[in-house]
Each structure stands twice: as C-alpha cells, then as structure tokens.
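Same order as they appear, the protein sequences are chains V and D.
With this note's numbering applied, the first sequence covers 11 to 290.
With this note's numbering applied, the second sequence covers 169 to 297.
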Amino acid sequence: MYFYLFDQYTDKPKFAKETDLIKLKLADLGIITDKAKATPIRQVEILAREILATKKYKNIIAVGNDKTAHLVVNEILKSKENVNFGFIPEGDSQIASLCGLPHGAASCEAISARRIKKIDVGKLDHSFFLTALEIYLQINKQQDLWNLILNKFTSKEKTEVEIEFKDQNENQSEFKITAPIEKIIIANLLPKKFRKEVEKYYKNLKTNISPYDGLLNIFIFAREKNKKPSLSIFRAKTIYLKSRQPLLCFVDGQKNKRLSGYVGIKPKTLNIIVGKNREF
Amino acid sequence: MFKPKPEKQNMTQEGETIVGESVKLEGNIDSQESVSIFGRVIGKIKTVENVKIGEQAEIKGDVEAENVFVAGKVEGNIIAKEKLEIASSGKIFGDLQTKSLTIAQGAFFCGQCQMENKSQISNLKNKEA
C-alpha cells in the first residue's frame, strides 16, 4: 500500500503541470493507493504523523523538495513504524540526486521498481538528517562590551570551536580538537555542492561517502588569521560541539535554529526507495 | 579583497583522517585508516595504515603505524612496522623502531634507533664472524 504526500507548493502554477504528470504516471503504473495534499493548516509533518498513526501503509512517498523529504523522514523515524520512504522530487533536490531519483514524473518508475536500501541517518538532538549538517558561527556585527574585553585578554580566537569526538571507528579513540572555524560539515551523505568544496583542498580524495558504515564524516574548514584556509577530515559515531559564539545550523539544507552541540548517528535505520543511478 | 586559495595537498587516500594546519588536537587517535597531520597534536597516534606528518605539523606523543613519513616535528617515540622516512625538514626527539629507515640530508634526529628485522641482523653478524 502506497501513500503519497504532496507538499503545499506542488499545485502552484510553476509546478502544477508536473504534479498532474506525476499523478497520471502513478495511475499508469498502478501504484497509487491514497494521496493527500498539505495545506497551511495541515502541513506535511502533521499529515505524515496522522498517516503513520493509521498503521495502514507500507510505503510513504513524499512529493516535494528536500524540506518535504526531511520532514517526512523525521516523522517516520519518530513513529518507529517499519515503513519504506520514497521521494518524488519537484524542483531542485540534493537528496534526489544522491538517491539517483530523476526529476518529477520520471522518478515514478523508481518508486514502482521499489529498490529498497536500509541506510544510516544522522541524529541531532531529537531530530534526524539524511544528508548533512552545515554549521556556521553566528557572529553579531554589534559586539557587546564583555566580548570585546574577553577577546582582548584571551589568546583564544573569537571563532574558535571545540569539538569532542567519541567512539571513532571501533577502537574507541577519543580526542578533542580546537580550531578557528569557518564552517563545519557533518555528513551521512555528501551532496555535490559540498563535494566540490572538499575537492578544492585535496587531490584524489574520494568523497563518495557510505551511508552503511555507521559513521559520520566530519569536514572542518578552519582558518587562522593571515594563514591559508585548511580542511580537516574525521570520522566518528558521536561528536559534541562547544563554542563561545552561537552556532547556526542547516539540516538537510534547511535552516535550524537549535543546536545543543550533540550530533550522532543511528546505523541502518531508514528503509529508502532508491533509483538505479544512486551515489551509494 | 581576494581570499587566498587553499593549497592542494598531494597525498590523500580514501577514508583518510586529516588534521588540517590550523587545528589543535588533544587526545589519542586510534584508527583503521591512513592519518595525515598538518596541524598540532598532543597525544598518541596509532593506525594499521600509514601516517604522514607534514612540514608545519607538531606532534607531542608516540606514533605507531605501518609506514611513517615525517616532514614536521615529533617529540615522542615512533614505531613503523615497515618503513620510516624522515624528510630534510623533519625533526624527531625520541626513539625509533622500524624495519627500513631513510633519513634525508638536513633532517634532525635525537634518540635511539632499533632496526626490527632480527634475521637480517643475525645474518650480518654471521658474515662478520
């Protein structure tokens, strides 16, 4: 049994034609059982929660963008139901290209083929992420007096972040690193735009990250004053971030205000329908 | 006006741990993959693969790996199960234990060295006798 969750924006004039094509293709393939469209009141996450509570469907398919996929995946994992997650992208999508799903109606074939993989998901406080976290320091232009005094009398740079690593691989190595951070990427799957950034620093670096290894890949872009920027790469199961400045975080490309500092991984947790040209 | 471009490092492998130049690491690294150090490390580094210590790198602690290449500063003992190479910019304050050792001209080494291949040593002794 399939349930299709159409995001609110899919009936906007820009996407309406593609949405109709998707519905036609699904009917052609005979894999449309039930569907619902999100509204300003019944948003995607609420709809997903309601559908999961019925325990009627084995496959929940999100039709929309990366935000839609992120919200539906979170609801599936929070519900702890054993359902397969599928995705039909409309508009730009990093998740779709990683999963080898073509744009729009073309991805209906992949849904029909039901090629299912059980992959890891990243965990940030009480929410989950499929691809990556992008973390920046939130530096206010108007500094308060206390910060100015503190920066004058401490050797630590304002942008310094401390990261504690636990359970690296199976050897239980534990360490902490301190660095003046420009950006941190914590990835379960590495989208193309991040891959290009990483490849600028190291030749022949294979950036095809496996979502089956139970490890997070951490890319730390650091930069000291008057020095060239550098990139550090680690793999770990759990990390803790500590910073004097608030951290601004993007989860699966979506802005997320809260970041307590803990990031972990849940191995082999999500059943996902993938395409032939997937990158893992 | 223009941001300086990052310099591309030459030696990289799949699944490698890399400590970048501006990074300070405290604690022990115990890894199954190659480790490259370009920053500062206080602690022990142990891996079943290779360790590369870059020119700007500083390590205070022991290093244990299959092959070790040192172009930076190490204050601690090094055990390389196969090959140990010290570049001209390399500085080592500690003891070495390896099967094969290469020291470039200009390198600094203060400590004792023990060559591990006992069969080779006994063959040499027999020839001298």
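The C-beta atom is built at its ideal place from N, Cα and C for all residues, glycine as well.
Does the CB of Glu85 of chain V have a neighbour CB from chain D at under 7 angstroms?
The count along the first sequence starts at 1 and reaches residue 85 of chain V at position 75. Chain D, which has no Cβ nearer than 7 angstroms to the Cβ of Glu85 of chain V, makes this no.
At what residues does the beta strand (DSSP E) containing Val187 of chain D begin and finish?
The residue you call residue 187 of chain D lines up with position 19 of the second sequence. 185-187 is the span of the beta strand (DSSP E), which, as asked, contains Val187 of chain D.
Beta strand (DSSP E) segment containing Leu15 of chain V, residue limits
Mapped onto the first sequence, residue 15 of chain V falls at position 5. Element bounds for Leu15 of chain V: 12-16.
Residue ranges of each beta strand (DSSP E) within the segment 173-243 of chain V, 3 or longer:
183-197, 226-232
Could you tell me which of V:Lys247, V:Ile275, V:Glu100, V:Met11 sits nearest to Arg124 of chain V, measuring between CA atoms?
Counted from its first residue, the first sequence places residue 124 of chain V at position 114. Among V:Lys247, V:Ile275, V:Glu100, V:Met11, the Cα nearest to that of Arg124 of chain V is on V:Met11.
Go through its chain and collect everything with a Cβ distance to Gln264 of chain V's Cβ below 8 angstroms, but skip five positions before and after it.
The sequence position of residue 264 of chain V within the first sequence is 254, counting from 1. Once the five neighbours on either side are set aside, the close Cβ partners of Gln264 of chain V are Asp76, Lys77, His80.
If we cut at 7 angstroms on Cβ distances, does Phe276 of chain D have a partner in chain V?
In the second sequence, residue 276 of chain D corresponds to position 108, counting from 1. Put simply, the CB of Phe276 of chain D is far from chain V, with every gap to its CB atoms at 7 angstroms or more.
Rounded to the nearest angstrom, what separates Gly274 of chain D and Ile260 of chain D at their Cα positions?
As a position in the second sequence, residue 274 of chain D is number 106, starting the count at 1. As a position in the second sequence, residue 260 of chain D is number 92, starting the count at 1. Their backbone Cα atoms lie some 12 angstroms apart in a straight line.
Within a Cβ cutoff of 8 angstroms, which residues of the same chain sit near Asn245 of chain D, ignoring the five residues on either side of it in sequence?
Counted from its first residue, the second sequence places residue 245 of chain D at position 77. Hits under 8 angstroms: Asp230, Val231, Gly262, Asp263, Leu264, Gln265, Gly279.
Taking only three categories from DSSP, how would you classify Glu55 of chain V?
Indexing the first sequence from 1 puts residue 55 of chain V at position 45. The DSSP-derived three-state label of Glu55 of chain V is helix.
For Asn84 of chain V and Gln104 of chain V, what's the separation of their Cα atoms in angstroms?
Numbered from 1 along the first sequence, position 74 holds the residue referred to as residue 84 of chain V. Numbered from 1 along the first sequence, position 94 holds the residue referred to as residue 104 of chain V. Rounded to the nearest angstrom, the two C-alpha atoms are 17 angstroms apart.
What are the residues in the segment 230-249 of chain D lying within 8 angstroms of chain V by C-beta distance?
none
Under 6 angstroms from any heavy atom of the ligand PLP, does the C-beta of Tyr212 of chain V make it?
The ligand PLP is absent from the structure shown, which contains no ligands of any kind.
Would you grab the beta carbon distance between Glu234 of chain D and Val216 of chain D for me? Rounded to a whole angstrom, and I think it's under 8 angstroms.
Numbered from its first residue, the second sequence carries residue 234 of chain D at position 66. Numbered from its first residue, the second sequence carries residue 216 of chain D at position 48. At roughly 6 angstroms, the Cβ-Cβ gap stays under 8 angstroms, so Glu234 of chain D and Val216 of chain D are in contact.
Check each candidate in D:Ile221, D:Lys212, D:Asn218, D:Ile247 and name the one with the smallest Cα separation from Lys228 of chain D.
Translated into positions along the second sequence, residue 228 of chain D becomes position 60. Per the C-alpha coordinates, the member of D:Ile221, D:Lys212, D:Asn218, D:Ile247 positioned closest to Lys228 of chain D is D:Lys212.
Pull up the CB-CB distance for Asp17 of chain V and Gly74 of chain V, whole angstroms please, since I reckon it's below 8 angstroms.
Within the first sequence, numbered from 1, the residue matching residue 17 of chain V stands at position 7. Within the first sequence, numbered from 1, the residue matching residue 74 of chain V stands at position 64. At roughly 3 angstroms, the Cβ-Cβ gap stays under 8 angstroms, so Asp17 of chain V and Gly74 of chain V are in contact.
If you reduce the DSSP assignment to three classes, tell me which class Met179 of chain D lands in.
Position 11 of the second sequence holds residue 179 of chain D. Model confidence at Met179 of chain D stands at a pLDDT of 44, short of 50, so the residue's coordinates are unreliable; what they give is reported in the following sentence. Of the three classes helix, strand and coil, the one that applies to Met179 of chain D here is coil, per DSSP.
Which ranges does the beta strand (DSSP E) cover as unbroken runs of at least 3 residues, wholly within the segment 252-278 of chain D, from first to last along the chain?
259-261, 264-271, 276-278
Of all the options V:Ile228, V:Lys202, V:Tyr211, which has the alpha carbon lying nearest to the alpha carbon of Ile195 of chain V?
In the first sequence, counting from the first residue as 1, residue 195 of chain V sits at position 185. Of V:Ile228, V:Lys202, V:Tyr211, the smallest CA-CA separation from Ile195 of chain V is found for V:Ile228.
Per-residue DSSP class, three states only, for Ile61 of chain V
Locating residue 61 of chain V in the first sequence gives position 51, counting from the first residue. Correct three-state label for Ile61 of chain V: helix.
Please report how far the alpha carbon of Phe276 of chain D lies from the alpha carbon of Ile221 of chain D, in whole angstroms.
Your numbering for residue 276 of chain D matches position 108 in the second sequence. Your numbering for residue 221 of chain D matches position 53 in the second sequence. If you take the alpha carbons of Phe276 of chain D and Ile221 of chain D, they lie about 14 angstroms apart.
Nearest neighbour of Glu226 of chain D, chosen from D:Asp198, D:Asn218, D:Glu194 [CA to CA]:
Here residue 226 of chain D is taken as the residue at index 58 of the second sequence, counted from 1. Considering only alpha carbons, the answer is D:Glu194.
At 3 residues or longer, and completely inside the segment 47-121 of chain V: list those beta strand (DSSP E) runs for me, N to C.
Segments of the beta strand (DSSP E) lying fully in the segment 47-121 of chain V: 69-74, 94-99.
Determine, using beta carbons only, whether Glu192 of chain V and Arg233 of chain V come nearer to each other than 7 angstroms.
The residue given as residue 192 of chain V occupies position 182 in the first sequence. The residue given as residue 233 of chain V occupies position 223 in the first sequence. Contact: yes.
Ala197 of chain V to Leu269 of chain D span [Cα, whole Å]:
Mapped onto the first sequence, residue 197 of chain V falls at position 187. Mapped onto the second sequence, residue 269 of chain D falls at position 101. Answer to the nearest angstrom: the Cα atoms are 39 angstroms apart.
In chain order, what residues of the same chain have a beta carbon less than 6 angstroms from the beta carbon of Gly207 of chain D, not counting five sequence neighbours either side?
Residue numbering aside, residue 207 of chain D sits at position 39 when the second sequence is read from its first letter. Excluding residues within five positions, the ones whose Cβ falls inside 6 angstroms are Val187, Gly188, Glu189, Val191.
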